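>
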Amino acid sequence: MKDLSKSLKKIDVSTVILIFSILILVVIVAVPVLLIFLTAFFENGKFNIAGVVKVLSDPNTYNALLNSFIIAAGTTLLSTAVGTFFAWLVARTDLPFKNTMKALFLVPFMLPSFIGALAWKVLLSPRSGYLNKLIISIFNLEKAPIDIMSMGGIIVIESMYLLPFVFLQVEGALERMDPTLEESARISGASLFTITRKITLPLVMPSILAGALLVALYSLSHFGVPSILGTEKGIFTIPTKIYERIYASGGSFSAIRVGTILATILVISAALILKLQDVLLKKGQYQVIAGKSMRPVVLKLRGLKYPLLIISFIYIFITIILPTVTIFLVGGLKTYGLPFQLKYMTFDNYLKIFQWKMTKDAIWNSLYLSLSAALVTMLAGTMISYAIVKMNFKGKFILQFLGVLPYSLPGTVIALGVILTWSGRFGINLYNTAAIIFVAYIARYMAFAIKSSSASLSQVSDSLEEAARACGATHWQTLKDIVLPLIRPGMISAFFLIFLPALRELTTSVLLYGPTTRTIGVAIYTLNEDGETVKAAALAGIALIIIFVGETLIRKFLAKLEQRAVRVKEIENVAA
Amino acid sequence: MSQLELREVTKRFGEVIAVNRLSLQVEKGECFTFLGPSGCGKTTTLRMIAGFEDLDEGELLVEDSLYSSSYRKFYVPPEKREFGMVFQAFAVWPHLTVKENVAFPLRIKRRPSNEIENRVKMALTSTNLMKFKDSYPGRLSGGEQQRIALARAIAINPKVMLLDEPLSNLDAKLREEMRFEIKALQNRFGFTVIYVTHDQAEAMALSDRMLVMNYGVVQQVGKPLDIYNKPANRFVFSFIGLSNFIPVMIKEGDAFIEGTSQIASHNAPRELGPRAIMACRPSDITFVPISEIDDEKGSLGVQALVIRRTYLGDIVDLKVKVGSVDLRIQKNARSPCPREGESCRIRFNKVIWYPEEYPKESKNMTENQPKTSSSAS
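Protein sequence lines, in the order shown, are assigned to chains A and B.
My numbering applies: residue 1 is where the first sequence begins, and numbers increase by one.
My numbering applies: residue 577 is where the second sequence begins, and numbers increase by one.
1) Flag this pair as yes or no: are the beta carbons of A/MET378 and A/ILE554 separated by less than 8 Å?
2) For B/GLU655, return the contacting residues in chain A, with the cut-off set at a CB-CB distance below 8 Å.
3) If contacts are defined as beta-carbon pairs under 8 Å, then A/LEU95 and A/LEU308 qualify, I think. What distance do you get, rounded to the angstrom?
4) Given B/VAL793, which residues of its chain have a CB within under 6 Å of its CB, disregarding the five upstream and five downstream residues?
5) For a contact defined as C-beta to C-beta under 8 Å, what are the partners of B/LYS685 on chain A?
6) Do A/LEU25 and A/ILE242 have their C-beta atoms within less than 8 Å of each other?
7) Count the C-beta pairs between the segment 108-125 of chain A and the segment 154-164 of chain A that are closer than 8 Å, then say yes if the count reaches three, no if not.
8) Go through its chain and collect everything with a Cβ distance to A/ALA72's Cβ below 6 Å, but skip five positions before and after it.
9) Under 8 Å, do B/PHE659 and B/VAL736 count as touching if we go by C-beta distance?
10) For A/VAL225, which residues from the same chain have a beta carbon less than 8 Å from its beta carbon, with the 5 sequence-adjacent residues on both sides left out?
11) Go ahead and pull the three-state DSSP assignment for A/PHE340.
12) Closer than 7 Å, Cβ to any Cβ of chain A: which residues of the segment 667-695 of chain B, in chain order?
13) When the Cα of B/VAL824 is compared with those of B/ARG810, B/PRO850, B/ASP902, B/PHE813, which residue comes out closest?
14) Assuming A/THR264 and A/PHE37 form a contact by the criterion Cβ under 8 Å, report the distance between their Cβ atoms to the nearest whole angstrom.
15) Within the chosen definition, does the segment 645-661 of chain B reach the segment 689-699 of chain B through at least 3 CB pairs nearer than 8 Å?
16) Is it true that the CB of B/THR773 sits closer than 8 Å to the CB of B/THR609?
17) Does any C-beta atom of chain A lie closer than 8 Å to the C-beta of B/ALA665?
18) Does the Cβ of A/ILE321 have 16 or more other Cβ atoms within 10 Å, making it buried, or fewer, making it exposed?
19) Is the CB of B/PHE589 under 8 Å away from at least one CB in chain A?
20) Check whether the Cβ atoms of A/TYR344 and A/LEU351 lie closer than 8 Å to each other.
21) Counting Cβ pairs, one atom from each stretch, are 3 or more of them under 8 Å apart for the segment 382-400 of chain A and the segment 447-462 of chain A?
22) Could you tell me which of A/VAL258, A/GLY250, A/LEU65, A/ILE384 sits nearest to A/PHE236, measuring between CA atoms?
23) Does chain B have any CB closer than 8 Å to the CB of A/LEU118?
24) Please classify A/GLU183 as buried or exposed, where buried requires at least 16 neighbouring CB atoms within 10 angstroms.
25) For A/ASN429, write down the residues that DSSP places opposite it in a beta bridge.
26) Please decide whether B/THR942 counts as near chain A, where near means a Cβ-Cβ distance under 8 Å.
27) Name, in chain order, the residues that DSSP records as bridge partners for A/LEU299.
28) Return the residue from the list B/ILE770, B/ARG728, B/ALA731 that minimises the CA-CA distance to B/ALA626.
29) B/ASN925 and B/ILE861 - do their beta-carbons sit closer together than 8 Å?
30) Using a cut-off of 7 Å between C-beta atoms, extract the partners of B/MET698 located in chain A.
31) If we ignore side chains and look at the alpha-carbon of each, how far apart do A/PHE85 and A/ILE187 end up?
32) Quick one: what's got a C-beta closer than 7 Å to A/ALA538's C-beta in the same chain, skipping five residues either side?
33) Taking CB distances under 8 Å as the criterion, tell me whether B/ALA626 reaches chain A.
34) Which residues of chain A have a Cβ atom closer than 8 Å to the Cβ of B/PHE659, listed in chain order?
35) Would you say A/THR326 faces chain B, with C-beta separation under 8 Å as the test?
36) Looking at the secondary structure, which residues open and close the beta strand (DSSP E) in which B/GLN879 lies?
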């Protein structure tokens, strides 16, 4: 008895945190990944590399692999080049309306890429694309001039929607850069062109590469664009191939096995990309952030000012306005294929979205799944990052490893792992329920939560906790009264960082949905697959409105929060 | 022909006048310092000389040729001015080695490679950086990074060297060392130095002449010692060194501190009226030995009470109460001085007189000319 009470007393807050952290990461992340590897390499309990080789040498899978890498490479190159150019234009030249332009270049973040792809298919598909038809009639052509449903098309469209990753990184780096680094080159006699080439670009190169690798990582595992623009033409990538295999066979085990082999390749590539990013960032981590801020060197564009402004506006028109308007117009058509004239337009489609069970379900599913997943993931992520950042224990590296693992897991891989784990193998069968999507979302967005909470936790100096303990507070009281209030802004922004992308998620849920558990993304996707382009566009239009309103409100809210966080940071700095 | 001449230079940022009608001539080989609190316009002036800021009014001439002119909208761009410049935050390029950093301006100017080699070697040797020539700046200390910036600036052998608070990011000991290094480099290469700082000790140690600025207006120009001894106004007095500003009443040339009956000074200027400010450095107040006290003659010191006595190493810092005012006194730690709580008599050896109303902004340096006097007579 005595021994038991003693050992019970020993279970303090830190032990509880540790046990739960490990448990969550093992169940949500480690087991699914392990099962993917096991399924890929073991057949009937025996290690079987021949099966792997056979699957990979099948021209179908081989081509999908090749396509994935070509698309990822093309998208990375294109979005990095264009994104860096626009970032430089906004941050370092006297382009007019800079702040507006800066906000506009980030808008594609809000536009789900598969909705963009849908719009572009409507505009530029070879036979029935509205824009193609227009160009044919104007120039009297025999054949459509642009075929968006091609490798090139997929690369261009993906680049459009991934460009903000590069833009954000590079623009931020250019703005934070110490302007005297450039001024000292100028006083050394270098012209602005030379400074840009020899000083500015090399200094922001780490940020450019970081953005580029983010794009590569994202593009490699991206489902929406290649499936909408490629599948019909027989262009498959790894994620679309996995989807096609599983659906063609009705979820048979051999299809899942092929999926796991392809997924393994995705995981390995993602891990390599992340490793590369790590190495590059470490190597190129310069302290170029200014102490005393002066206005940076601004290149006077002179004669090029207005031409470049017009090019920027054309770019924004093409990437944002044109596809958005197209979606809303198509959503209002009586029948797909009719010209955009008032007599063929109707509001009925939009109203029907809220009456029809399938779409109504989808909106509801997406809302509650993303809200609940965001809440749970944020809380779990905060706990896990506390264990990683603030606690010392034996075998911490295991937790650290499990904590970074979700970063390298593409959505498709998570979906497969979740299927393998929760289809009755361990006595729990969640297949075809909303719960399986919920579990998958937690795994998918755990990386966001850990990253965000770790950042705010590492800013809370240890001495603040120690001071509370010295005042007589228990560990639990310290957490509740000191740590949690200090990191609350970080937790709230983590919540939204999960909620917003989960709301429009497609890649994971498309592999997991059942008859009544479609998400908005899945509903738009399946409607489009079934040839219901008008309904798909109408739902997409409503999704865009939800996303836009949500994002705007949250942005305002977060801006307020940030002001408060800055104040906390100031106190921290004084304390340090 | 002066090396550098500013004529009626004015710079505004929106409503704020950062620099107001500044005129100045700097001679060849001179070390000239702009001294003032932050936001006084000293860095803005330097950046106008460098060519990073345009002038709203006025002209800048270098060796009699026009470099900037607001009237003609003419500006030689910074890269064509051939100045050397060192920034507060070092501004050494982290992606280039020490050697590449120093060679950069020479490569830009397309000098022949053997000349580059020689000049880089010379610059690195004179800044003691030869052993680091192939390292990246990120691995070096703040003092070493600032030496790279210096080496880079002297490599092109500039006629004018602009230094923008180059030592403020360094710790106190290093700061003192680097001061002498900069001075030694100037003596060796003979360039003209324009030096911006808010540290009066740095300005005193380095400058041949200096300019004290506040709110964009020049307060005083002169040699360091002259400015220290004859500050043009209360601002300059208080900015350079420690100060006591004592309100006094003046009766027929005798100054009294409120609440005391002893005469603080016999030589108060009559034109200041019945009330004035007597300014005095803490080191210019002495204790009168008890043996000399003789109230009948009325000239041997003012009654004071020691409130606090603190030893700061080789000096002792005292706070005394005289009538209704508190004064600060500093003495050599070895000289005899009263204890805390003791009464004593003090004498003001060297005072400067200012009118009672302290003008918030001195519009012109010719106003408020000091009246120096010595009461030790």
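Backbone N, C-alpha and C define an ideal beta-carbon position, used for all residues, glycine too.
Remember, predicted model here, so these are calculated numbers, not experimental data.
The short version:
1) Not a contact, by the Cβ cut-off of 8 Å.
2) The answer, in chain order, is ARG186, ILE187, SER188, GLY189, ALA190, SER191.
3) About 6 Å; that satisfies the 8 Å criterion.
4) Here the set comprises ASN596.
5) Under the 8 Å cutoff, chain A gives GLY189.
6) No, these two residues do not count as a Cβ contact at 8 Å.
7) As far as the Cβ criterion goes, the segment 108-125 of chain A touches the segment 154-164 of chain A, which means the pair count is three or higher.
8) ALA216, SER219, LEU220.
9) In this structure, B/VAL736 lies closer than 8 Å to B/PHE659 by Cβ.
10) The residues are SER113, PHE114, GLY116, ALA117, ILE154, ILE157, GLU158, TYR161.
11) In the structure shown, A/PHE340 adopts coil according to DSSP, grouped into three states.
12) For the segment 667-695 of chain B, the set of positions with a beta-carbon nearer than 7 Å to some beta-carbon of chain A reads ALA667, TRP669, PRO670, HIS671, PHE680, PRO681, ILE684, LYS685 in chain order.
13) The residue with the shortest Cα to Cα distance from B/VAL824 is B/PRO850.
14) About 6 Å separates the beta carbons of A/THR264 and A/PHE37, which is inside the 8 Å limit, making them a contact pair.
15) These segments do not touch.
16) Going by beta carbons, B/THR609 and B/THR773 fall inside the 8 Å limit.
17) True, the Cβ-Cβ gap to chain A drops below 8 Å.
18) Answer is exposed; the Cβ neighbour count stays below 16.
19) Answer no: the Cβ-Cβ gap between B/PHE589 and chain A never drops below 8 Å.
20) Not a contact, by the Cβ cut-off of 8 Å.
21) Touching, yes, given that three or more Cβ pairs across the two stretches are closer than 8 Å.
22) Relative to A/PHE236, the option among A/VAL258, A/GLY250, A/LEU65, A/ILE384 whose CA is nearest is A/LEU65.
23) Output row for A/LEU118: interface = no.
24) Buried: at least 16 other Cβ atoms inside 10 Å.
25) A/SER423.
26) Note that B/THR942 scores a pLDDT of 38, beneath 50, so its modelled location is shaky and nothing firm can be said.
27) Bridge partners of A/LEU299: A/THR93.
28) Cα-wise, what sits closest to B/ALA626 is B/ILE770.
29) Contact: yes.
30) Against chain A, the beta carbon of B/MET698 has no neighbour under 7 Å; the closest one sits roughly 17 Å away.
31) Between A/PHE85 and A/ILE187, the alpha-carbon positions lie close to 25 Å from each other.
32) Correct list, in chain order: GLY331, ASN349, TYR350, ILE353.
33) Yes, contact with chain A.
34) Result: ILE187.
35) So, not an interface residue.
36) Here the beta strand (DSSP E) through B/GLN879 covers 878-888.
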